[in-house]
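A.B. asks: All letters in the sequence shown, in the order written, are residues 1 to 263 by UniProt numbering.
Structure incoming, see below.
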Amino acid sequence: MASNNTIPDLASVMEILANLAKAKNQQQAQPSMQTASAQTPDITSHGQAIQQQQQPQPQWSQSAVPSTIHRGSGQLQAHVQSTNNLKAVDPATIIDWSAGLRCVMRTLNKHDHVLQEIRKMIKVQHEHEEQWWKSREALIERQVARKEGQKKLEEVLKAVGGATSSGASNTSPEELARELETFDMKVYKAQTQMVREMNGKLRNLGMPFFGTKSELVRIPGKSDATNRAATTSTEGEKGMIDEDELVELQKKMLNILEDMCNV
Numbered sequence: 001m002a003s004n005n006t007i008p009d010l011a012s013v014m015e016i017l018a019n020l021a022k023a024k025n026q027q028q029a030q031p032s033m034q035t036a037s038a039q040t041p042d043i044t045s046h047g048q049a050i051q052q053q054q055q056p057q058p059q060w061s062q063s064a065v066p067s068t069i070h071r072g073s074g075q076l077q078a079h080v081q082s083t084n085n086l087k088a089v090d091p092a093t094i095i096d097w098s099a100g101l102r103c104v105m106r107t108l109n110k111h112d113h114v115l116q117e118i119r120k121m122i123k124v125q126h127e128h129e130e131q132w133w134k135s136r137e138a139l140i141e142r143q144v145a146r147k148e149g150q151k152k153l154e155e156v157l158k159a160v161g162g163a164t165s166s167g168a169s170n171t172s173p174e175e176l177a178r179e180l181e182t183f184d185m186k187v188y189k190a191q192t193q194m195v196r197e198m199n200g201k202l203r204n205l206g207m208p209f210f211g212t213k214s215e216l217v218r219i220p221g222k223s224d225a226t227n228r229a230a231t232t233s234t235e236g237e238k239g240m241i242d243e244d245e246l247v248e249l250q251k252k253m254l255n256i257l258e259d260m261c262n263v
């Protein structure tokens, strides 16, 4: 019969000790894993945070878009201005009515003061013309009165038996016509001077047909070959215009300007 105080064999004791050691190690490992898990950050969340920090967020400035539009608008305006400059035509080279009319409209739209200057010139012209006409009419009236006075004087002299003047009289038709012609020549010179000054002003204001280049005007008396040679050497194939035609274009342009000035 075996006793209850039997000493266990060595193998059993070693197995018990091994199990105890294993259980203790497991208990120590669990808190350690929990601590490590708590201290170690979430790799996925951390990676997303890094990506968010590395990817630059678009920063839209409120002034960025308007500034870009402003620069684009400025470039467009500069391009349009450059195109207009390229299309600009020298008024002194225009000898066609339609081209001259376009040039005038473009100039008047760009410069408001041009119409005011033209209005002043037309007003001065009308004042001079009215003064010349009134002066001529007054001269004719004086001639008529002088002739009537001379006639009455001769009648009185005849009535009293006096001698009448037999020499040259300042009331003869020839003398009166000569006097009137002298006055007309003075008016013509004054008018020519006024027209010359007006042409210069209109040329400076950019009006076509006033100040046309001389090589574009066909001079009466010169051969066509000479005129064409002068034009080819200076203006290429722009053509020429007769002086009489140029004067007619000037008159038409003056009528247009007068209508626009409402005078």
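Where is the CB? At the ideal position from N, CA and C, for every residue including glycine.
Taking just the CA atoms, how far does F183 sit from R136?
C.D. replies: Using only the alpha carbons, I get a separation of about 7 Å.
A.B. asks: Can you list, in chain order, the residues of its chain with a C-beta nearer than 6 Å to that of R178? Leave out the 5 residues immediately preceding and following it.
C.D. replies: Cβ neighbours of R178 beyond the five flanking positions: none.
A.B. asks: Please report the straight-line C-alpha distance between M105 and N255, rounded to a whole angstrom.
C.D. replies: Answer to the nearest angstrom: the Cα atoms are 14 Å apart.
A.B. asks: Name the residue from G239, D259, P91, P208 whose alpha carbon lies nearest to the alpha carbon of E248.
C.D. replies: Of the candidates G239, D259, P91, P208, the one whose C-alpha sits nearest the C-alpha of E248 is P208.
A.B. asks: Could you pull the DSSP bridge partners for V217 from this structure?
C.D. replies: Paired residues: I241.
A.B. asks: Answer yes if the stretch 184 to 194 comes into contact with the stretch 88 to 96, meaning at least three C-beta pairs across the two stretches below 8 Å, and no otherwise.
C.D. replies: With a cut-off of 8 Å, the stretch 184 to 194 and the stretch 88 to 96 do not count as touching, because too few Cβ pairs lie within range.
A.B. asks: Beta-carbon separation of T212 and I95 under 8 Å?
C.D. replies: Cβ distance < 8 Å, so T212 and I95 count as in contact.
A.B. asks: Spatial neighbours of C261 within its chain, please: C-beta separation below 8 Å, excluding the five flanking residues on both sides.
C.D. replies: Around C261: L115, I118, R119, I122.
A.B. asks: Over the uninterrupted alpha helix (DSSP H) stretch that includes P173, give me the two end residues.
C.D. replies: Per DSSP, P173 belongs to the alpha helix (DSSP H) from 173 to 204.
A.B. asks: So V217 and E243 are supposed to be a Cβ contact under 8 Å. How far apart are they, rounded?
C.D. replies: V217 to E243, Cβ: 6 Å. Contact.
A.B. asks: Where R203 and V187 are concerned, what is the direct C-alpha to C-alpha distance, given to the nearest angstrom?
C.D. replies: Whole-angstrom Cα-Cα distance: 24 Å.
A.B. asks: If you compare alpha carbons, which of L246, G206, N199, M198 is closest to I219?
C.D. replies: Out of L246, G206, N199, M198, L246 has the C-alpha closest to the C-alpha of I219.
A.B. asks: Give me the residue from H113, E174, E15, E258 with the minimum Cα distance to Q143.
C.D. replies: It is E174.
A.B. asks: Measuring CA to CA, which of W132, M240, D112 is closest to M185?
C.D. replies: For the residues W132, M240, D112, the minimum Cα distance to M185 belongs to W132.
A.B. asks: Is DSSP giving D90 helix, strand or coil here?
C.D. replies: Coil, per DSSP.
A.B. asks: Cα-Cα, which of E215, N19, G239, K189 is closest to E129?
C.D. replies: Selected option, being the one with the closest Cα: K189.
A.B. asks: Secondary structure at T212, three-state DSSP: helix, strand or coil?
C.D. replies: DSSP places T212 in coil when its eight states are reduced to three.
A.B. asks: DSSP three-state label for G161, please.
C.D. replies: Coil at G161, not helix or strand.
A.B. asks: How would you call L157, buried or exposed, if buried means at least 16 neighbouring beta carbons within 10 angstroms?
C.D. replies: Under this definition L157 is an exposed residue.
A.B. asks: Span of the alpha helix (DSSP H) holding N109?
C.D. replies: N109 -> alpha helix (DSSP H) spans 97 to 110.
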